[in-house]
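Novice: Chains as they are written, first to last, in the working numbering: chain A, 1 to 113; chain B, 1 to 885.
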Amino acid sequence: MADDARNDLLHGTLDMLVLKTLQLGPMHGWGITELLQRGSADVLQVGQGSLYPALYRLERQRFIKSSWQTTENKRRARYYALTARGRQRLADERANWARMSHAIEMILHLSST
Amino acid sequence: MRFFDTVADALARLVGFLGRTERESRLTDEMRFHVDMQADALVRAGAEPAEARRQALVAFGGRERWREASRDEYRGQFFDHLGQDVRYGARSLLHARVFTMASVATLALGIGATTAIFSVVDAVLLRPLPYADPNGLVMLWEHHLSDVGPSHNVTGPANFLDWRDEARSFSAMAAFASARVTIVAPDGDPTSEQARYANAALLPMLGVTPAVGRLYSEADDQPGAARVAVLDYGLWQQHFGGRRDIVGRTVQLNGNDVTVVGVLPKGFAFFEPAALWLPMRFGNEDRTAAGRYLQVLARLKPGVSWQQADLEMKAIARHRAIDVPEMDANWTALASPLRDDLEGSARTPLLVLLGAVGFLLLIACTNVANLMLARAGDRRREMAVRVALGAAPRRIVLQMLTESVMLALIGAALGVAGAWAGTRVLGRMVPPKLDAAAVSGIGLDARVLVFAILVALVTGIAFGLVPALQSAHHDPKDAMSEGGRSGGAGSRRAGRLRAALVVVEIALAVVLLAGAGLMVRSLADLRRVPLGFDADHVLTAGVVLHGHAYDSTAAATGFFARAEQRIAALPGVRAVGSISWLPLSGLRSASSFTVVGQPVPPLGQEPVGDFRAITPGYFAAMGIPIEDGRGLEAADRRGGAQVAVVSHTLAHTFWPNGSAVGHELKYEWDGWYTVRIVGVAGDVHHDGPRTEPYMEIYRPLEQFPYTGMTFVVRSSGDPLSLAAPLRAALRDLDPAQALANVKPMTDFVHASVGDTRLDTVLFAAFGVIGLVLAMIGIYGLGAYTVQQRRHEFGIRMALGAQRGTVLSMAIRRGLVLAAVGLAVGVLGALSLTHLMGALLFGVKPNDPVTFAWVAVALAAVAAVSAWVPARRATRLDPVAALRSD
Numbered sequence: 001m002a003d004d005a006r007n008d009l010l011h012g013t014l015d016m017l018v019l020k021t022l023q024l025g026p027m028h029g030w031g032i033t034e035l036l037q038r039g040s041a042d043v044l045q046v047g048q049g050s051l052y053p054a055l056y057r058l059e060r061q062r063f064i065k066s067s068w069q070t071t072e073n074k075r076r077a078r079y080y081a082l083t084a085r086g087r088q089r090l091a092d093e094r095a096n097w098a099r100m101s102h103a104i105e106m107i108l109h110l111s112s113t
Numbered sequence: 001m002r003f004f005d006t007v008a009d010a011l012a013r014l015v016g017f018l019g020r021t022e023r024e025s026r027l028t029d030e031m032r033f034h035v036d037m038q039a040d041a042l043v044r045a046g047a048e049p050a051e052a053r054r055q056a057l058v059a060f061g062g063r064e065r066w067r068e069a070s071r072d073e074y075r076g077q078f079f080d081h082l083g084q085d086v087r088y089g090a091r092s093l094l095h096a097r098v099f100t101m102a103s104v105a106t107l108a109l110g111i112g113a114t115t116a117i118f119s120v121v122d123a124v125l126l127r128p129l130p131y132a133d134p135n136g137l138v139m140l141w142e143h144h145l146s147d148v149g150p151s152h153n154v155t156g157p158a159n160f161l162d163w164r165d166e167a168r169s170f171s172a173m174a175a176f177a178s179a180r181v182t183i184v185a186p187d188g189d190p191t192s193e194q195a196r197y198a199n200a201a202l203l204p205m206l207g208v209t210p211a212v213g214r215l216y217s218e219a220d221d222q223p224g225a226a227r228v229a230v231l232d233y234g235l236w237q238q239h240f241g242g243r244r245d246i247v248g249r250t251v252q253l254n255g256n257d258v259t260v261v262g263v264l265p266k267g268f269a270f271f272e273p274a275a276l277w278l279p280m281r282f283g284n285e286d287r288t289a290a291g292r293y294l295q296v297l298a299r300l301k302p303g304v305s306w307q308q309a310d311l312e313m314k315a316i317a318r319h320r321a322i323d324v325p326e327m328d329a330n331w332t333a334l335a336s337p338l339r340d341d342l343e344g345s346a347r348t349p350l351l352v353l354l355g356a357v358g359f360l361l362l363i364a365c366t367n368v369a370n371l372m373l374a375r376a377g378d379r380r381r382e383m384a385v386r387v388a389l390g391a392a393p394r395r396i397v398l399q400m401l402t403e404s405v406m407l408a409l410i411g412a413a414l415g416v417a418g419a420w421a422g423t424r425v426l427g428r429m430v431p432p433k434l435d436a437a438a439v440s441g442i443g444l445d446a447r448v449l450v451f452a453i454l455v456a457l458v459t460g461i462a463f464g465l466v467p468a469l470q471s472a473h474h475d476p477k478d479a480m481s482e483g484g485r486s487g488g489a490g491s492r493r494a495g496r497l498r499a500a501l502v503v504v505e506i507a508l509a510v511v512l513l514a515g516a517g518l519m520v521r522s523l524a525d526l527r528r529v530p531l532g533f534d535a536d537h538v539l540t541a542g543v544v545l546h547g548h549a550y551d552s553t554a555a556a557t558g559f560f561a562r563a564e565q566r567i568a569a570l571p572g573v574r575a576v577g578s579i580s581w582l583p584l585s586g587l588r589s590a591s592s593f594t595v596v597g598q599p600v601p602p603l604g605q606e607p608v609g610d611f612r613a614i615t616p617g618y619f620a621a622m623g624i625p626i627e628d629g630r631g632l633e634a635a636d637r638r639g640g641a642q643v644a645v646v647s648h649t650l651a652h653t654f655w656p657n658g659s660a661v662g663h664e665l666k667y668e669w670d671g672w673y674t675v676r677i678v679g680v681a682g683d684v685h686h687d688g689p690r691t692e693p694y695m696e697i698y699r700p701l702e703q704f705p706y707t708g709m710t711f712v713v714r715s716s717g718d719p720l721s722l723a724a725p726l727r728a729a730l731r732d733l734d735p736a737q738a739l740a741n742v743k744p745m746t747d748f749v750h751a752s753v754g755d756t757r758l759d760t761v762l763f764a765a766f767g768v769i770g771l772v773l774a775m776i777g778i779y780g781l782g783a784y785t786v787q788q789r790r791h792e793f794g795i796r797m798a799l800g801a802q803r804g805t806v807l808s809m810a811i812r813r814g815l816v817l818a819a820v821g822l823a824v825g826v827l828g829a830l831s832l833t834h835l836m837g838a839l840l841f842g843v844k845p846n847d848p849v850t851f852a853w854v855a856v857a858l859a860a861v862a863a864v865s866a867w868v869p870a871r872r873a874t875r876l877d878p879v880a881a882l883r884s885d
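#1: Just tell me which of B/V502, B/S752, B/A45 has its CA closest to the CA of B/T691.
#2: Can you list, in chain order, the residues of its chain with a C-beta nearer than 6 Å to that of B/A613? Leave out the 5 residues immediately preceding and following it.
#3: Check the Cβ of B/H34 against every Cβ in chain A and list those closer than 7 Å, keeping chain order.
#4: Hey, could you find the ends of the alpha helix (DSSP H) B/K314 is sitting in?
#5: Between the segment 810-824 of chain B and the segment 403-410 of chain B, do at least 3 Cβ pairs fall closer than 8 Å?
#6: Taking the beta carbon of B/E272 as the centre, do at least 16 other beta carbons fall within 10 Å, making it buried, or is it exposed?
#7: Looking at the strands, I want to know which residues DSSP matches up with A/A81.
#8: Who does B/I579 pair with in a DSSP beta bridge?
#9: Is there at least one Cβ from chain A nearer than 8 Å to B/F937's Cβ?
#10: Alpha carbons only, please: which of B/A298, B/D232, B/A290, B/G679 is nearest the one belonging to B/M205?
#11: Is the beta carbon of B/V657 sitting closer than 8 Å to the one on B/E505?
#12: Please report the distance separating the alpha-carbon of B/F711 from that of B/S192.
#13: Identify each residue in the segment 49-68 of chain A for which the Cβ-Cβ distance to at least one residue of chain B is less than 7 Å, and report them in chain order.
#14: Span of the beta strand (DSSP E) holding B/F593?
#15: Please classify A/V43: is it buried, with 16 or more other beta-carbons within 10 angstroms of its beta-carbon, or exposed?
#16: According to DSSP, is B/I246 helix, strand or coil?
#17: My parser needs the alpha helix (DSSP H) runs of 4 or more residues fully inside the segment 640-676 of chain B; what are they?
#18: Find the residues of chain A that neighbour B/S70, judging by a C-beta separation of less than 8 Å, and give them in chain order.
#19: Tell me, to the nearest whole angstrom, how far the beta carbon of B/A873 is from that of B/R790; I am working on the premise that it is less than 8 Å.
#20: Near A/K65, which residues of its chain fall below 7 Å by C-beta distance, leaving aside the five closest residues on each side in sequence?
#21: Determine whether the Cβ of A/R78 lies closer than 8 Å to any Cβ atom of chain B.
#22: Roughly how many angstroms lie between the CA atoms of B/V826 and B/W672, to the nearest whole one?
#23: May I ask which residues mark the beginning and end of the alpha helix (DSSP H) holding B/M836?
#24: In or out: B/S716 buried (at least 16 other Cβ within 10 Å) or exposed?
#25: Taking DSSP as the reference, what is the three-state secondary structure of B/T919?
#26: With a threshold of 8 Å between beta-carbons, can B/E24 be considered close to chain A, or not?
#27: Taking Cβ-Cβ distances below 9 Å as the criterion, which residues of the segment 69-102 of chain A are in contact with chain B?
#28: Whose C-beta lies closer than 7 Å to the C-beta of A/L17 among residues of the same chain, with five residues either side of it excluded?
#29: Determine whether the Cβ of B/Q55 lies closer than 8 Å to any Cβ atom of chain A.
#30: By the 10 Å Cβ neighbour count, where 16 or more other Cβ atoms means buried, how is A/Q23 classified, buried or exposed?
Take a look at the structure:
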């Protein structure tokens with residue numbers, strides 16, 4: 001359903017990345033987009049059509065929580081923060097990711113002998 | 001886990017729905033913030049503010065799409081999808097019109113019938129009686145040891161006064177009796193009303209508080225006290241305009257002035273309705289008075305059970321039998337809970353009906369389950385396509401659940417309407433005695449309604465959900481490649497379940513049909529019983545004479561003779577007579593007698609006969625044949641030879657080979673009498689077709705005086721057209737007398753089988769509904785089978801199979817299931833119908849003719865229901881059938 005073609009994010013990795021950015025501290029949606037873009041040296045461009053649904057999904061699953069706060073330039077923004085459950089989830093997904101990428105690496109390094 | 005997720009989703013959907021506006025504003029605010037930040041960033045990078053804003057909006061992308069996706073994730077999607085599901089469900093239910101109508105009708109019938117019947121049963125049998133501490137109330141009766149009739153016989157004042165003195169089980173005891181009285185209302189017209197004479201203790205025992213004034217007291221109960229009365233609420237409203245100053249006013253009752261002391265509360269009833277209550281006064285002479293006419297109510301002392309009281313009553317009766325053998329030899333006494341007497345004969349029919357209606361609900365649920373399974377089978381492909389197109393399994397399950405619930409709710413709504421109507425109809429049909437006690441109580445029972453709706457909902461959901469879960473989690477590839485054909489394990493399992501359901505349904509329908517058949521045969525037999533008289537064209541009208549003008553018996557009998565003369569002169573009257581206790585009126589007066597010249601049986605074992613006073617015209621007016629000797633004549637006067645006409649049964653009991661005419665009978669009434677038999681009349685079923693004719697002794701009114709008689713007028717046309725001239729003629733004769741119960745004799749005949757007719761109608765309705773539902777079940781299964789196998793049938797026909805072969809293949813399954821269901825049903829019915837033995841007449845609960853008819857009817861219906869869809873199989877165009885997959 002979501003239009004993920006542009007950023008080539010593997011299905012499911014967006015959630016992990018969002019959780020990871022929030023591990024650095026509470027942040028609003030735009031901040032998360034910026035951080036993902038800058039943090040990946042502009043490789044990952046997360047569309048708003050994916051980010052917000054992901055945020056709402058994670059909030060519904062109680063991995064993150066949100067509240068209205070005021071930014072430094074006096075704008076009202078919705079800040080998202082990691083919950084304990086989310087922290088656990090991030091750890092699980094990281095472990096999972098590490099196993100997967102290791103496995104993929106192994107395959108890619110196969111050579112005929 | 002999946003289940004809990006679904007439930008959690010449903011809750012979230014609800015919360016999300018409630019928080020809808022909050023959600024929308026949050027989405028808008030977040031979007032605005034995001035765009036603002038983006039625009040700021042662009043401005044910082046050097047763009048024009050307006051251009052930056054435009055670019056930010058473009059970068060954000062399609063807003064509606066974003067909103068849509070966000071909403072989906074925000075607290076679940078349940079409620080947004082609900083609207084969609086309801087619309088989709090409505091479309092698909094409308095599309096499957098036959099399925100929808102069958103399911104809705106089934107549910108409506110099941111819910112409606114169950115609730116209506118149960119509401120009545122509850123009001124009549126289960127709810128506490130509307131009296132103070134009703135469980136402590138008992139009725140005291142006598143019972144003649146040789147009497148095969150009803151075991152609850154009324155008692156006499158002598159025994160009652162003795163019981164009241166002797167019995168230790170009761171804290172209070174009161175006697176009561178009913179009588180018809182004539183009262184003169186303020187508007188001057190005399191009316192005939194039912195009055196109840198009762199001891200002062202009775203109404204307080206029932207916990208009655210008067211609406212106006214007071215109840216009468218023990219002082220009013222003493223012989224010689226001033227005449228007082230308590231009015232029923234209805235009479236007070238009707239004839240006295242509900243005026244509160246009624247207390248202290250006098251009313252003319254049977255020619256005497258009676259002071260009104262109070263009015264009973266609205267809705268109060270106790271046995272048959274009574275318009276006014278009068279003190280029952282006993283003097284010393286009553287301690288030795290003969291005759292039995294009293295009913296007795298008593299309240300148990302705390303801690304005494306009715307069984308203990310019953311034992312004490314029997315002990316007292318044994319002493320009485322020894323002390324006053326001329327009155328009490330061979331009589332015993334008993335106590336029974338008031339509830340038993342109020343329920344009377346209605347208990348068994350109601351319980352049997354309740355059982356039957358339970359079966360109906362079961363059939364209805366089975367049918368709905370079956371329909372759901374069939375439909376799910378039809379939709380396997382649709383579901384598979386949706387799964388393949390990416391619909392989430394949970395979404396499909398929720399969709400099907402929505403449909404099931406919609407169906408159940410529509411059925412339930414119709415069921416409620418049906419239950420409401422049914423309760424009103426049934427409430428009017430219950431016996432008046434019960435109606436009296438429970439009159440305020442019969443209404444739609446909310447608990448039962450909720451129960452029936454829940455049962456329907458659960459059935460709909462459960463059987464809608466099982467296949468939905470199945471198809472949602474199946475590999476869509478299977479279902480699609482399987483096509484509509486039989487094959488996959490899932491559809492085979494569903495097929496077996498459906499076959500089992502059809503068998504259950506047929507079996508249940510057989511039980512209901514057997515019950516219906518037995519009732520129909522009973523009613524037919526009851527109607528065939530010749531009652532012994534010809535009720536057509538006969539009008540009846542009762543009159544109870546009052547006033548000092550009729551204190552002498554000569555004056556009273558003279559009135560009836562003159563009245564009959566005037567009635568006979570009316571145009572259209574063919575014959576007229578009168579009788580003290582009209583057949584089928586429920587009233588009789590019996591006494592023991594002996595035959596002069598035959599051995600006298602021991603005291604208390606004498607034969608008991610029914611005594612009725614008649615005028616000479618009675619036999620002709622009623623169409624009762626004289627089989628031997630003569631009828632009674634005007635010449636059989638007071639002071640002349642004492643004569644009687646006896647019934648066929650009496651004559652043949654004592655003179656099986658010879659004639660009874662000329663023999664003499666001896667009995668005690670208000671003195672000892674010896675009467676000569678002058679004729680034998682045909683037997684009459686005085687208490688209806690279920691009761692054997694009594695030994696009857698008809699005496700001439702002149703020699704056996706009564707002041708209350710019922711005119712029997714045979715007309716040449718519509719008897720009711722005589723009602724007005726009859727009233728006019730009597731008003732002319734004596735304007736102070738009032739006629740009561742002016743109605744055709746056929747009304748009594750009709751009423752005498754009323755209970756059986758009601759039971760029959762209900763049973764027949766249940767039987768037919770059950771049969772129709774079973775038919776739908778068989779048809780549905782057949783249609784489904786044909787649908788499943790059409791590919792196979794197509795191939796067979798393409799290969800040259802005969803139509804007959806295909807037809808028999810398609811029909812076989814339905815017939816096998818019908819046969820199994822029939823066998824199970826007959827076994828079930830055989831073990832259940834004996835429960836309705838008390839309702840039946842002339843047939844045994846295992847009546848082979850009835851069972852044969854049921855089997856034939858069911859087999860025929862099953863064959864048709866299986867044949868219709870099977871025929872479709874033979875009409876398949878092989879090419880189309882093969883191509884359709």
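All C-beta atoms, glycine included, are put in the ideal place defined by N, C-alpha and C.
Specialist: So, from the listed chains and residues:
#1: As a working note, residue 691 of chain B is residue 691 in the second sequence. Of B/V502, B/S752, B/A45, the residue nearest in Cα terms is B/S752.
#2: Here residue 613 of chain B is taken as the residue at index 613 of the second sequence, counted from 1. Same-chain partners within the cutoff: S580, R699, L701, F704, Y706.
#3: Within the second sequence, the letter at position 34 stands for residue 34 of chain B. Within chain A, the residues near B/H34 are G29, W30, Q48.
#4: Taking the second sequence and counting its residues from 1, one reaches residue 314 of chain B at position 314. 306-323 is the extent of the alpha helix (DSSP H) around B/K314.
#5: Counting Cβ pairs under 8 Å, fewer than three are found: no touch.
#6: Working through the second sequence from its first residue, we reach residue 272 of chain B at position 272. Exposed: under 16 other Cβ atoms inside 10 Å.
#7: Taking the first sequence and counting its residues from 1, the one referred to as residue 81 of chain A is at position 81. Paired residue(s): A/K65.
#8: Stepping through the second sequence from its first residue, residue 579 of chain B is reached at position 579. Looking at the DSSP output, B/I579 shares a beta bridge with B/I614, B/T710.
#9: The shown model of chain B, from 1 to 885, leaves out residue 937 of chain B, and the question about it has no answer.
#10: Position 205 of the second sequence, counted from the start, is the residue given in the question as residue 205 of chain B. Comparing Cα-Cα distances from B/M205 to each of B/A298, B/D232, B/A290, B/G679, the minimum goes to B/A298.
#11: Your numbering for residue 657 of chain B matches position 657 in the second sequence. Your numbering for residue 505 of chain B matches position 505 in the second sequence. The displayed chain sequence assigns Asn, not Val, to residue 657 of chain B. Not a contact, by the Cβ cut-off of 8 Å.
#12: For the purposes of this step, residue 711 of chain B is identified with residue 711 of the second sequence, where counting begins at 1. For the purposes of this step, residue 192 of chain B is identified with residue 192 of the second sequence, where counting begins at 1. Taking the straight line from one Cα to the other gives about 15 Å.
#13: Only G49, Y52, P53, Y56, R57, R60 from the segment 49-68 of chain A bring a Cβ to less than 7 Å from some Cβ of chain B.
#14: Looking up residue 593 of chain B in the second sequence gives position 593. Counting along the chain, the beta strand (DSSP E) containing B/F593 begins and ends at 590-595.
#15: As a first step, residue 43 of chain A must be located in the first sequence, where it is residue number 43. Its Cβ having fewer than 16 others within 10 Å, A/V43 is exposed.
#16: Within the second sequence, residue 246 of chain B is the residue found at index 246, counting from 1. Reduced to three states, the DSSP call for B/I246 is helix.
#17: DSSP runs (the alpha helix (DSSP H)) wholly in the segment 640-676 of chain B: 648-654.
#18: Position 70 of the second sequence, counted from the first residue, corresponds to residue 70 of chain B. Residues of chain A passing the Cβ test: Y52, P53, Y56.
#19: In the second sequence, counting from the first residue as 1, residue 873 of chain B sits at position 873. In the second sequence, counting from the first residue as 1, residue 790 of chain B sits at position 790. About 7 Å separates the two Cβ atoms, so the contact holds.
#20: Indexing the first sequence from 1 puts residue 65 of chain A at position 65. Same-chain partners within the cutoff: E59, A81, T83.
#21: The residue you call residue 78 of chain A lines up with position 78 of the first sequence. Yes, A/R78 counts as interfacial toward chain B.
#22: Mapped onto the second sequence, residue 826 of chain B falls at position 826. Mapped onto the second sequence, residue 672 of chain B falls at position 672. Just so you know, the alpha carbons of B/V826 and B/W672 end up roughly 59 Å apart.
#23: The residue given as residue 836 of chain B occupies position 836 in the second sequence. In the DSSP annotation of this structure, B/M836 is not part of any alpha helix (DSSP H), being labelled neither H nor E.
#24: Within the second sequence, numbered from 1, the residue matching residue 716 of chain B stands at position 716. It counts as exposed.
#25: No answer is possible for residue 919 of chain B: the residues shown for chain B start at 1 and end at 885.
#26: In the second sequence, counting from the first residue as 1, residue 24 of chain B sits at position 24. No, B/E24 lies away from the interface with chain A (no Cβ there is under 8 Å from its Cβ).
#27: Residues passing the 9 Å Cβ filter: T71, N73, R75, R76, A77, R78.
#28: Sequence index remark: in the first sequence, residue 17 of chain A carries index 17 (1-based). Within the same chain, Cβ atoms closer than 7 Å to the Cβ of A/L17 are found at L36, the five residues on either side in sequence being excluded.
#29: In the second sequence, residue 55 of chain B corresponds to position 55, counting from 1. Taking Cβ atoms only, chain A never reaches closer than 8 Å to B/Q55, which makes this a no.
#30: Position 23 of the first sequence, counted from the first residue, corresponds to residue 23 of chain A. By the neighbour-count definition (other C-beta atoms within 10 Å, threshold 16), A/Q23 is an exposed residue.
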